[in-house]
Amino acid sequence: MKWINCVAWLFMIPAVLSGDELLTLSSPQNGSLKHNNKVSSKIVWLGNDKYLESWELSCTLSFPLMTSGDLFYSYGVYNYGYTFNPSDSRYKGISFGISKDNVLYFSHNEQIINLDDFILKSGDSSYNLSVSFITTYDPEEKKNISGSVLLTLNEQAFSYEIKEPFLEYCYLRNETVFSETTYPVLYTHHACDYSNIVLKKLDNRIAPEPQSSIFLSISLLVLGLYRRRR
Numbered sequence: 237m238k239w240i241n242c243v244a245w246l247f248m249i250p251a252v253l254s255g256d257e258l259l260t261l262s263s264p265q266n267g268s269l270k271h272n273n274k275v276s277s278k279i280v281w282l283g284n285d286k287y288l289e290s291w292e293l294s295c296t297l298s299f300p301l302m303t304s305g306d307l308f309y310s311y312g313v314y315n316y317g318y319t320f321n322p323s324d325s326r327y328k329g330i331s332f333g334i335s336k337d338n339v340l341y342f343s344h345n346e347q348i349i350n351l352d353d354f355i356l357k358s359g360d361s362s363y364n365l366s367v368s369f370i371t372t373y374d375p376e377e378k379k380n381i382s383g384s385v386l387l388t389l390n391e392q393a394f395s396y397e398i399k400e401p402f403l404e405y406c407y408l409r410n411e412t413v414f415s416e417t418t419y420p421v422l423y424t425h426h427a428c429d430y431s432n433i434v435l436k437k438l439d440n441r442i443a444p445e446p447q448s449s450i451f452l453s454i455s456l457l458v459l460g461l462y463r464r465r466r
């Protein structure tokens, strides 16, 4: 009955195992952005990827001064097959920033969620911020069906699920391909310093096919019966 253990274990492995890809940024240069620039920065990467369906952006934040405002948004586009159209609203994508109460907020599809436990302070404090978006692809439907956002600030974490038809707004688009209004942007007008800026291309998740799920369920059931008999 050892094969049952092997089958169950194999089905629990993610469908894609090729790993993350670290991208080289041409903007912001040197992986940092100072508040005294007073100019928002386009996120532009080198390579052949015109857009990222699954991605992770991380950086270290510090605040010489503290004012409310956006930190990031992923403009997004829709109908991304052969015709590229700018999003009709940047707020349909993923954005986050600082509220008037000096806490982090998350926004998607014009809905704002204040993360009251994610408190930010000016001065010597620095914060490790990471946000990832992982898309789930359904082989049966032959399309992406959902996406998972994970936002972390130091040891704190916030997650959010996004469904169609808003997935495309959350993809990152490379500025070199699109018009002025479609690239993801880091904001600096609220006196924030960014350092150690890293962008990664992540693998999409693969939704399990119905047959695979049934086979896994049967395998686990037989395994449970076998252990009981022992």
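Terminal number for the sequence shown in my numbering: 466, no gaps in between. Quick reminder that beta carbons are idealized off the backbone N, C-alpha and C, glycines included.
| Asked | Found |
| --- | --- |
| Which residue wins for smallest C-alpha separation from A393, given the options D306, Y363, N266 and L438? | Y363 |
| Quick check on K399: buried or exposed, where buried means 16 or more other Cβ atoms within 10 Å of its Cβ? | exposed |
| DSSP three-state call for F320: helix, strand or coil? | Note on F320: pLDDT 41, under 50, position unreliable in the model; the coordinate value appears next. Residue state, collapsed to three classes: coil. |
| Please report the distance separating the alpha-carbon of K328 from that of Y405. | 6 Å |
| Could you please give the first and the last residue of the uninterrupted beta strand (DSSP E) stretch that includes E292? | W291 to S298 |
| My output table needs one value for K379: the three-state DSSP class, helix, strand or coil. | strand |
| Whole angstroms are fine: how far does the CA of L307 sit from the CA of G333? | 4 Å |
| What do you reckon, is the C-beta of Y419 under 8 Å from a heavy atom of the ligand ZN? | Absence of the ligand ZN is noted for the structure shown, with no ligands found whatsoever. |
| Mapping DSSP to helix, strand and coil, what is Y314? | In this predicted model, Y314 has a pLDDT of only 44, less than 50, meaning its place in the structure is not dependable enough to derive any value. |
| Count the other CB atoms, across all protein chains shown, that sit within 10 Å of the CB of V367; report buried if there are 16 or more and exposed otherwise. | buried |
| Is it true that the CB of N410 sits closer than 9 Å to the CB of D285? | yes |
| Leaving aside the five residues before and after Y318 along the sequence, list all residues of the same chain whose C-beta is less than 7 Å from its C-beta, in chain order. | In this predicted model, Y318 has a pLDDT of only 41, less than 50, meaning its place in the structure is not dependable enough to derive any value. |
| Considering only the alpha carbon of each residue, which of T388, E397 and L387 lies closest to I381? | E397 |
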